[in-house]
Amino acid sequence: MKIFTATIIVASFLCGLAIIASSYSHTISKVKRGDGSPIYYYMESAKSGLKSDTLLVAFQGSDCNSVKHNDFIKDFSKGSWPSADLLLIEKPGITPSLPHDMSTERTDCPVYYLQNDSPIQRVQDARAVVSRVLEGRRYNNVIALGGSEGATVAAMFAAESRIPDVVVLINGGGRWFLEDVLHNIKSTTSEHQLSSELEDFKGFAEHILEAKPFDIEVSNHGYDWWRSMLTIDQQSVLSQINMPTLVVQGGRDKSVSPKAVTEMIEGLQKAGKDNIELLAYPEMDHGLIAQDGQSMMQKVTGDIFLWLKTSLRPELNKSVH
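Residue numbers (the UniProt record's numbering): 1 to 321.
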């Protein structure tokens with residue numbers, strides 16, 4: 001089999017616009033997995049000075065970087081619901097000491113990350129961390145928010161744990177990851193290379209699905225990650241979510257297929273899932289950038305804020321101004 005070597009855009013927009021020097025301060029904590037390895041997580045209290053009754057759990061995307069150094073995800077989360085306490089969870093094997101590097105094939109990804117990172121493991125980690133946080137503090141509302149791969153993780157976390165009260169998913173792709181990657185290849189590959197690139201990736205995906213676990217690193221991901229992403233049925237995951245869910249999707253997204261997202265949401269709504277709402281921005285790309293090159297983050301977070309005002313529990317809405 002020919003190993004697929006083309007660059008794949010799998011990094012989340014929540015990491016693609018990260019700022020290395022973080023201006024935020026956090027409380028750094030950790031819990032242990034069953035194998036004894038640590039899960040690092042960070043709590044940032046709401047800046048209002050008042051005790052918040054909302055916890056926002058934000059899930060970063062798929063790049064090999066510490067979420068601690070990502071100001072974009074923090075700004076986006078705070079813009080979506082400013083009065084929330086913010087919880088960020090590192091991916092398996094990642095620590096705050098990992099230097100920030102947006103290279104597609106960085107050479108210093110931790111071995112534990114390459115061997116163990118996957119959406120399934122991230123959900124298990126999130127359940128452990130959020131349960132620990134909620135043991136020590138009661139919140140009226142819990143918001144799960146994620147973009148790109150982080151959206152997949154947020155949806156799975158909501159479906160499996162039932163902990164969140166509302167879910168916000170941004171540019172998270174359609175039902176099948178394979179369709180999104182093929183869309184990415186078609187959107188970013190020259191015509192004379194397109195056919196071979198498509199066939200290469202289809203062959204790679206088929207090999208991952210048929211083979212027993214083996215050592216591999218493609219786009220800073222190992223076997224567990226690739227197999228998980230290729231087998232997750234996002235439509236099935238969303239069908240198991242009963243809390244209000246907002247799906248935000250840009251129409252100019254080259255990383256995931258806007259068409260596949262629309263078809264998935266329409267299928268869910270036809271099946272009676274009226275708790276799921278699609279908020280589409282035809283002019284927006286995967287990084288929340290409009291066609292004129294301007295950031296749409298303020299517009300998107302403002303719309304999410306308005307949606308949350310109508311979706312969170314009434315006792316919280318009374319305190320919103």
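Backbone N, C-alpha and C fix where the C-beta goes; we use that ideal spot for every residue, glycine too.
A check of alpha carbon separations from leucine 230 across Pro244, Thr245, Asn220, His207 identifies His207 as the nearest. Shown here for tyrosine 139: same chain residues with a beta carbon closer than 8 Å to its own, the five before and five after excluded, namely Ser52, Asp53, Thr54, Leu55, Asp85 in chain order. Assignment of alanine 46 by DSSP, reduced to helix, strand and coil, places it in the coil class. Rounded to whole angstroms, the Cβ separation of glutamate 277 and leucine 246 is 5 Å, and the two are in contact under 8 Å. Every unbroken stretch of the beta strand (DSSP E) spanning 3 or more residues and falling wholly within the segment 221-300 is given here in chain order: 245-250, 276-281. As for any alpha helix (DSSP H) of minimum length 4 sitting wholly inside the segment 61-115, the runs are 71-80, ordered along the chain. The beta carbons of aspartate 101 and asparagine 70 sit no closer together than 8 Å. In this structure, the CA atom of alanine 159 is about 15 Å from the CA atom of glycine 172.
In this structure the segment 248-259 lies against the segment 175-195, because at least three pairs of beta carbons, one per stretch, are closer than 8 Å.
The C-alpha of glutamate 90 is placed about 37 Å away from the C-alpha of glutamine 193. In terms of CA proximity to asparagine 275, Trp307 leads the group Gly302, Trp307, Glu283, Gly251.
Spanning the alpha carbons of glutamate 197 and tyrosine 281 requires a straight line of approximately 29 Å. Shown here, isoleucine 163 sits in coil according to DSSP, grouped into three states, outside any helix or strand. Residue environment: isoleucine 94 is assigned as buried (16 or more neighbouring CB atoms within 10 Å of its CB, all protein chains considered). Valine 111 sits exposed, since fewer than 16 C-beta atoms from the chains shown fall within 10 Å of its C-beta. Taking C-alpha positions only, valine 153 is separated from serine 62 by approximately 10 Å. Leaving aside the five residues that flank valine 129 on each side, the residues in its chain whose CB is nearer than 8 Å to its CB run, in chain order, Val31, Ile39, Tyr41, Leu87, Ile89.
Bounds of the alpha helix (DSSP H) holding leucine 182 are 177-188. The Cβ-Cβ distance between leucine 145 and valine 168 falls below 8 Å.
Its chain contains Leu178, Leu230 as the residues whose beta carbon lies nearer than 7 Å to that of alanine 205, once the 5 sequence neighbours on both sides are disregarded; these appear in chain order.
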